[in-house]
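For reference, the structure discussed in these notes is given below.
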Amino acid sequence: MDRNIDFSSKFKSANILSLFIFIMSIIFIIFKGLNYGIDFKGGTLIELRADSKNINISEIRSSLNSMNLGDVNVKAFGKESDYLIKIEQKTGNNNELIPEIKKTLINNLNVEINFRRVENVGPKVSSELLESGIIAIFLSLVAMLFYIWIRFEWQFSVGSIVALFHDVIITIGIFSILSLEVNLSIIAAVLTIIGYSMNDTVVIYDRIRENLNKYTRLNISETANLSINETLSRTIITSLTTLLALLSIYILGGEILRGFSFAMILGVLIGTYSSIFVAAPVLKFFKVSYKTLEKKEEKIVP
Amino acid sequence: MLNFSKINIFFIYLIFLFISFFSILNFQDQKEPLIDKKVNLGLDLQGGSYLLLEINSDPLVKEKIQSRVIPLKKLLKDNNLNYLNFKINEKNLSFSLNDIEKFKLLFFSKNDNSLNPYIGNYNSFELDLEILENNNVRVLFSKYGLLTINNSALKQSIEIVRRRIDDVGTKEPTILQRGEKRILVELPGLKDPERIKSLLGKTAKLNFRLVAENEEFGTDKLMSETGEELNVSKRIVMSGENLIDSQPNFNSQSNQPTVSFTLDRLGAQKFGRTTTDNVGKRLAIVLDGKIVSAPSINEAVTSGSGMISGNFSFQEATDLALLLRSGALPTPLNVVEERTVGPDLGEDSIKSGITSLIIGFILVILFMFYKYKVFGLIANLALVANLIMLVGVLTILEATLTLPGIAGIILTVGMAVDANVLIFERIKEELKTEKSIIHAFDIGYSKARITVLDANITTLIAAVILFAFGSGPVKGFAITLGIGIITTLYSAYFLARHLTSMIVLNKKEGKVNL
Numbered sequence: 001m002d003r004n005i006d007f008s009s010k011f012k013s014a015n016i017l018s019l020f021i022f023i024m025s026i027i028f029i030i031f032k033g034l035n036y037g038i039d040f041k042g043g044t045l046i047e048l049r050a051d052s053k054n055i056n057i058s059e060i061r062s063s064l065n066s067m068n069l070g071d072v073n074v075k076a077f078g079k080e081s082d083y084l085i086k087i088e089q090k091t092g093n094n095n096e097l098i099p100e101i102k103k104t105l106i107n108n109l110n111v112e113i114n115f116r117r118v119e120n121v122g123p124k125v126s127s128e129l130l131e132s133g134i135i136a137i138f139l140s141l142v143a144m145l146f147y148i149w150i151r152f153e154w155q156f157s158v159g160s161i162v163a164l165f166h167d168v169i170i171t172i173g174i175f176s177i178l179s180l181e182v183n184l185s186i187i188a189a190v191l192t193i194i195g196y197s198m199n200d201t202v203v204i205y206d207r208i209r210e211n212l213n214k215y216t217r218l219n220i221s222e223t224a225n226l227s228i229n230e231t232l233s234r235t236i237i238t239s240l241t242t243l244l245a246l247l248s249i250y251i252l253g254g255e256i257l258r259g260f261s262f263a264m265i266l267g268v269l270i271g272t273y274s275s276i277f278v279a280a281p282v283l284k285f286f287k288v289s290y291k292t293l294e295k296k297e298e299k300i301v302p
Numbered sequence: 303m304l305n306f307s308k309i310n311i312f313f314i315y316l317i318f319l320f321i322s323f324f325s326i327l328n329f330q331d332q333k334e335p336l337i338d339k340k341v342n343l344g345l346d347l348q349g350g351s352y353l354l355l356e357i358n359s360d361p362l363v364k365e366k367i368q369s370r371v372i373p374l375k376k377l378l379k380d381n382n383l384n385y386l387n388f389k390i391n392e393k394n395l396s397f398s399l400n401d402i403e404k405f406k407l408l409f410f411s412k413n414d415n416s417l418n419p420y421i422g423n424y425n426s427f428e429l430d431l432e433i434l435e436n437n438n439v440r441v442l443f444s445k446y447g448l449l450t451i452n453n454s455a456l457k458q459s460i461e462i463v464r465r466r467i468d469d470v471g472t473k474e475p476t477i478l479q480r481g482e483k484r485i486l487v488e489l490p491g492l493k494d495p496e497r498i499k500s501l502l503g504k505t506a507k508l509n510f511r512l513v514a515e516n517e518e519f520g521t522d523k524l525m526s527e528t529g530e531e532l533n534v535s536k537r538i539v540m541s542g543e544n545l546i547d548s549q550p551n552f553n554s555q556s557n558q559p560t561v562s563f564t565l566d567r568l569g570a571q572k573f574g575r576t577t578t579d580n581v582g583k584r585l586a587i588v589l590d591g592k593i594v595s596a597p598s599i600n601e602a603v604t605s606g607s608g609m610i611s612g613n614f615s616f617q618e619a620t621d622l623a624l625l626l627r628s629g630a631l632p633t634p635l636n637v638v639e640e641r642t643v644g645p646d647l648g649e650d651s652i653k654s655g656i657t658s659l660i661i662g663f664i665l666v667i668l669f670m671f672y673k674y675k676v677f678g679l680i681a682n683l684a685l686v687a688n689l690i691m692l693v694g695v696l697t698i699l700e701a702t703l704t705l706p707g708i709a710g711i712i713l714t715v716g717m718a719v720d721a722n723v724l725i726f727e728r729i730k731e732e733l734k735t736e737k738s739i740i741h742a743f744d745i746g747y748s749k750a751r752i753t754v755l756d757a758n759i760t761t762l763i764a765a766v767i768l769f770a771f772g773s774g775p776v777k778g779f780a781i782t783l784g785i786g787i788i789t790t791l792y793s794a795y796f797l798a799r800h801l802t803s804m805i806v807l808n809k810k811e812g813k814v815n816l
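Protein chains in written order, with the numbering used here: chain E, 1 to 302; chain W, 303 to 816.
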């Protein structure tokens, strides 16, 4: 089946929409901030399963009141009678408190408790983890910039980076808007999104480059449009199979992977959108033509 | 691109079979493995404890700078240097001096300098000198001096931590240095790390000191476990270093748990001499600045063994014996990060991970078959081969599989078909203009190759960076994602291409249903 959708006419309105969401995301990230998990904020996390269904969240919270732990957050987690307790970092070391917290819970709630997961991250480690996460994201952006620069012309490299920033900022922005927890696995998701979105962009760029040489009388808008249409069914099929796999993780993979798979689903959707509506228009902005490609070849062959 | 020589085909399948063979190793009887290689489960899947310990070298620096007081004063006296206002501070020694230039020469002398040894491999002295106003000077450790102290403390701590953990008897612990100040400890299968944490949290510096009658010069006021306050001589009769063994026991008379110890030759001599000279006096057994007990010396003990009694439970006696056996930590350790997963959560994670893998796999396979029919089957075969090879490579590397690692495999399933989709879509386009089917397939494969490579290398770059920066479970994700990309390329470009060529070459002319 031949598709011929006029994408290039929609570039302008799509870009305005992207810009709006992008700016909104930055505003949210700056003013509302992110809901950091203990990985990045420090503190203690306890996941427990009670053998009785008769306890509830407020009982758990009040049983810890006497300990004067500061900000304690309790929520239901996964199955019935599974709970997640988060305790913020105190000035001292939470580590020594863990056995006491366990004891207090067992004594006050009067039920068998299975401590399924206990995590404690100190303030120094958490700030290091956050720092290395941010470095990793920047480093991979730079690596992508270089790779595309080597494989294509600089205009393509700028276009792909603009698209990547768009994807990363909007994904994180949505996490800020929805107050979803940002932890180590979200950093992993963001890096994978960078890889995936780049992958999508490269496929379209490859075709644009090929078509620029093939149809020299077409302008960049027409070439971009043709290339997007030619690769459209691949774009859709790959996004679909990836989303099928991700949905399977999201629904069946358990609580621990939920945040990660949600970020990935967002990223795949945004990344697919951006390779069509962000990466391609940047080439138009730079007035890329077959002549742009020729210049590079002259440089290589002296 | 569709012509394969016999040799080519042979090698393509040989490599595939070789790698796949390793994936089978995971299903062999683990008690008597044919080849001892398997994918390890991460702590988040098998349950266990991860601890990150940090040494605090400040007390050690203080101790070491204090040990330089006597040699420093001796140097000053021997060379007729007059000093005033000598002060021992946390990390330095300060005083004022009349002839700073002369002192400088002596202080930074490379020959036989017992106060301030020269560290050859760093090209630096252990100590540094700060000259302040009004002839004031400050002696402190140099950057490399501190580094040397820190490194040796870390090495020693790792050794002691290993001894203590081995003594507790957990299975297959991992103990590694992380950076300059940290020790990573992984204890698979451990349900509750509190005992290990409390064992690692004690420096266990033991010494024996005589109790003085009353407060006098050269004594410390120390608290005993029972709340009694005693004046204890600063002089150490004997320390934990002289211990060669220590065991928990029961005192047959009081039926109380006790800790027996055996001393080395030197320790036995010292202990014998002290007990002979001080019959009737009390000897304090001091652990980490606290008196465990202070028994009276009833008779000279020359056998080189003894007994510590206190108000122990049997568990406490066992732990104390273990701590004494393993030796003292040079400096306190803090747990700066801890992650413990119970075994049942690990099992649940494996279950949900595998379920979502199977369902994701089935969905993708059905979709590909619906979309590409026969060639969808080929892509699916390549996908299965891809998974088997992925597990095979993980086995060869003896990599650690974590829950995010399983997510990486599922993601690979979703993204792996991309290579074949790119190729098939390209062939479809070529079929529109090309008369010859074979030709169309041929061009399709060669034209899509660059795109497939470019597209996958970008994801590979992300995986490599994630591997370098990630820790624990996230690293597991980077491993499966990265290896998944390589096996994907192999299965699409060799296996699927060969299968496709067999179908296309047999068809010769006619229609291809793509």
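Cβ atoms here follow ideal geometry from the backbone N, Cα and C, with glycine treated the same way.
Spatially closest choice to residue i from the options, by CA coordinates
| i | options | result |
| --- | --- | --- |
| L647 of chain W | E:K41, E:K12, E:I5, E:I46 | E:I46 |
| K592 of chain W | W:T735, W:K504, W:T789 | W:K504 |
| V158 of chain E | E:S275, E:K79, E:S62 | E:S275 |
| D547 of chain W | W:L622, W:E356, W:L304, W:N391 | W:L622 |
| N225 of chain E | E:H166, E:R207, E:I236, E:T241 | E:R207 |
| A750 of chain W | E:G271, E:L252, E:K287, E:Y205 | E:Y205 |
| E392 of chain W | W:G786, W:K445, W:I656, W:V441 | W:V441 |
| T231 of chain E | W:S803, W:F743, W:D720 | W:D720 |
| N551 of chain W | W:F563, W:N544, W:D380, W:M540 | W:F563 |
| S233 of chain E | W:K308, W:L801, W:L724 | W:L724 |
| E601 of chain W | W:N580, W:G612, W:E618, W:R799 | W:N580 |
| G608 of chain W | W:S615, W:F616, W:I599, W:F614 | W:I599 |
| L431 of chain W | W:S359, W:S398, W:A596 | W:S398 |
| I485 of chain W | W:K499, W:E356, W:E731 | W:E356 |
| N509 of chain W | W:Q558, W:I610, W:S426 | W:I610 |
| D167 of chain E | E:S197, E:M144, E:Y147, E:S140 | E:S197 |
Distance between residue j and residue i (C-alpha atoms, nearest Å)
| i | j | result |
| --- | --- | --- |
| L631 of chain W | T242 of chain E | 51 Å |
| Q89 of chain E | V125 of chain E | 12 Å |
| I300 of chain E | F152 of chain E | Here I300 of chain E scores only 47 on pLDDT, less than 50, and its place in the model should not be relied on; the value that follows carries that caveat. Spanning the two alpha carbons is a distance of roughly 12 Å. |
| K130 of chain E | G629 of chain W | The sequence given here places Leu at residue 130 of chain E; Lys does not occur at that position. Roughly 36 Å separates the two Cα atoms. |
| F260 of chain E | G707 of chain W | 12 Å |
| Q555 of chain W | I477 of chain W | 42 Å |
| G37 of chain E | T620 of chain W | 39 Å |
| N4 of chain E | T235 of chain E | 15 Å |
| G33 of chain E | P123 of chain E | 19 Å |
| S595 of chain W | I587 of chain W | 6 Å |
| M1 of chain E | V72 of chain E | Low per-residue confidence applies at M1 of chain E: pLDDT is 45, beneath 50, and the placement is therefore not dependable, though the value from the model is reported in the following sentence. The alpha-carbon atoms of M1 of chain E and V72 of chain E are separated by roughly 58 Å. |
Bounding residues of the beta strand (DSSP E) (the contiguous stretch that carries residue i)
| i | result |
| --- | --- |
| V594 of chain W | 592 to 595 |
Beta carbon proximity, residue i to chain W, threshold 9 Å
| i | result |
| --- | --- |
| N4 of chain E | no |
| F7 of chain E | no |
| N95 of chain E | yes |
| G267 of chain E | no |
| G33 of chain E | no |
| P281 of chain E | no |
| K124 of chain E | yes |
For residue i, the first and last residue of its enclosing alpha helix (DSSP H)
| i | result |
| --- | --- |
| Y674 of chain W | 645 to 698 |
| P123 of chain E | 123 to 151 |
| A188 of chain E | 184 to 214 |
| I708 of chain W | 705 to 735 |
CB contact check: residue i to chain E, cutoff 9 Å
| i | result |
| --- | --- |
| T450 of chain W | no |
| F671 of chain W | no |
| N758 of chain W | yes |
| L816 of chain W | no |
Residues in the segment 220 to 240 of chain E having any Cβ partner in chain W nearer than 8 Å = E230, T231, S233, R234, I237, T238, L240
Given a limit of 9 Å on CB to CB distance, which residues of the segment 697 to 717 of chain W reach chain E?
-> L705, P706, I708, A709, G710, I712, L713, T714, V715, G716, M717
Positions along the segment 328 to 341 of chain W whose CB lies within less than 9 Å of some CB in chain E | none
For the segment 200 to 219 of chain E, which residues have a CB atom closer than 7 Å to at least one CB atom of chain W, in sequence order?
-> V202, V203, D206
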